[in-house]
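When the letters of the sequence shown are read in order and numbered with mature numbering (1 follows the signal peptide of the UniProt record, and there is no 0), they come out as residues -24 to -1, 1 to 269.
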Amino acid sequence: MKIKNKLAPYLCMAAMVFSGTFVSCEDDVATENAVIADHVSFGLFTETISIPEGETVSVEGTVYASSTSSADRVIGLNVVYASPYNTENEDTTIPVTTANPEYFTVPASVTIPAGSKMATFEVSITGMDLGSGSDIVIELVDTPEIDVTKEYYGNYGEDGYEVVSERLIITAEQICSANPLLVEIYTDAYGSETTWEIYSQDDTSTPLYTGGPYEDQDGAGEYLQESTTLCMEDGSYIFVIYDAYQDGMNAGYGEGYFTLTLVDTDGNTVEDIENDPNNGSFSDYNLVYFDLP
C-alpha cells in the first residue's frame, strides 16, 4: 500500500527546526545568515508518520523560494548522518538521521520551475526497522546562486566547528501488527561489557535481533539504555544477555538488570515477560525462554 503525506505549506527558518541555547561569540556560536533574494527554505513538518510493518509510505516534502526566477532552480538535498559538533561535544544538539538507510530513499535534488516559488519532492519510507520512532534528517545544499538558512556551531577553527544548513526532520514509526516486544536494558557502570541476542528456539544458529554494547559511565549505578521495541511473530524464543567480563551487571558497580515486556501499539503493558530486578546477577550470560503471544 502506498500512502501520501503532504508537508504543511509553511515557510520556516532553521531556528524553528532546531532547539537549543544560543550563547556568546566567546563560547559556542549559533547564528543565522541573512535572507537574500534567492533564499530557499523547507516547509515545516511536525507530525510523526506511522507505517504498518512492510508497507511503503510516500511523504511529500515542499521547498519554497522567496522570489520567482526566469530559470529553473535546482536545489541539492543531502541526508545527514553525522555531526562533528555532536561528536566533539558528546552532545545531541544537532539532529541527524537515525533511520536505517536501507528502508528509505531521498532524491538528490529538487527543482523549482521557472516562474514558481515552490517545488515538491518525494521521500519513500518502508515500515521496517523503525521501532517506536526514527528520524530522517535532510538538509538543503547551499550554492553561490541559491542561499539557504545556516547556523554556526562551535568555535571557528576548532574541532567540532560546524556550519549547518536548514534541515527537514521526518519522524517515522513502525506499526506492529504482531507482538510488540519492549526490551529495556539497565546496565551497571560498565555498559561496554553488555550485549544481548534473541533467537528462535527452532534455530539457534543465527540471532534474530541483537543489542549493545553500550557506553561506560563514570560511576556505579543503573543506567537505562535506549529502549528497543521489536515486532515479533508468534513463536518460541530465547533471550540471551552477555557480560564480557563474566561478572554480570550486578557486581558492585551498579545493580543492572533487564526487562522484556509485551506492549500494545500505544506502548501500554500487556504482559511482563521478564521483570525480575535481580536478573542482572549472573556470570557470563543469562537466558530467558518465552513464547509469543
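For glycine and all other residues, C-beta sits at the position ideal for the given N, C-alpha and C.
If you're wondering where the values come from, they're calculated on a predicted model, not measured in any experiment.
Check, Outcome
"For residue 169 versus residue 183, is the C-beta spacing smaller than 8 Å?", "no"
"Count the other CB atoms within 10 Å of the CB of residue 269; is the residue buried (16 or more) or exposed (fewer)?", "exposed"
"Measure how close the beta-carbons of residue 163 and residue 232 come, nearest whole angstrom, since I'm counting them as under 8 Å.", "5 Å"
"Report the residue from 224, 238, 144 whose alpha carbon sits nearest the alpha carbon of residue 209.", "238"
"CA-CA distance, residue 92 and residue 45?", "7 Å"
"Taking residue 34 as the reference, which of 47, 98, 17, 130 has the closest Cα?", "98"
"Just the Cα atoms here: how many angstroms apart are residue 83 and residue 244?", "37 Å"
"What is the DSSP secondary structure of residue 38, counted as helix, strand or coil?", "strand"
"On the three-state DSSP scale, how would you describe residue 61?", "helix"
"For residue 185 and residue 53, what's the separation of their Cα atoms in angstroms?", "32 Å"
"Which ranges would you report for the beta strand (DSSP E) in the stretch 141 to 215 if only whole runs of at least 3 residues count?", "143 to 151, 155 to 163, 170 to 176, 185 to 187, 204 to 208"
"Rounded to whole angstroms, what's the CA-CA distance from residue -19 to residue 47? Just pull it up for me.", "Residue placement at residue -19 is flagged as unreliable, the pLDDT there being 42, under the threshold of 50; a coordinate-derived value is accordingly withheld."
"Go to residue 95, then tell me how far its beta strand (DSSP E) extends in each direction, as first and last residue.", "94 to 102"
"Could you give the DSSP three-state label for residue 28: helix, strand or coil?", "strand"
"How long is the line joining the alpha carbons of residue 13 and residue 42, rounded to whole angstroms?", "Only weak support exists for where residue 13 lies, its pLDDT of 47 falling under 50; the coordinates are left without a value."
"Please classify residue 77 as buried or exposed, where buried requires at least 16 other C-beta atoms within 10 Å of its C-beta.", "exposed"
"When burial is assigned at 16 or more other CB atoms within 10 Å of the CB, is residue 212 buried or exposed?", "exposed"
"Can you look up residue 261 in the DSSP assignment and give me helix, strand or coil?", "strand"
"In whole angstroms, what is the alpha-carbon distance linking residue 157 and residue 150?", "13 Å"
"Using the Cβ count rule (16 or more neighbours within 10 Å means buried), how would you classify residue 89?", "exposed"
"Under a Cβ-count criterion, where at least 16 other Cβ atoms within 10 Å of its own Cβ denotes burial, should residue 259 be classed as buried or exposed?", "exposed"
"Once the 5 residues before and after residue 218 are set aside, which same chain residues still bring their CB inside 6 Å of it?", "171, 261"
"What residues in its chain sit with their C-beta under 7 Å from that of residue 267, if we drop five residues either side in the sequence?", "212"
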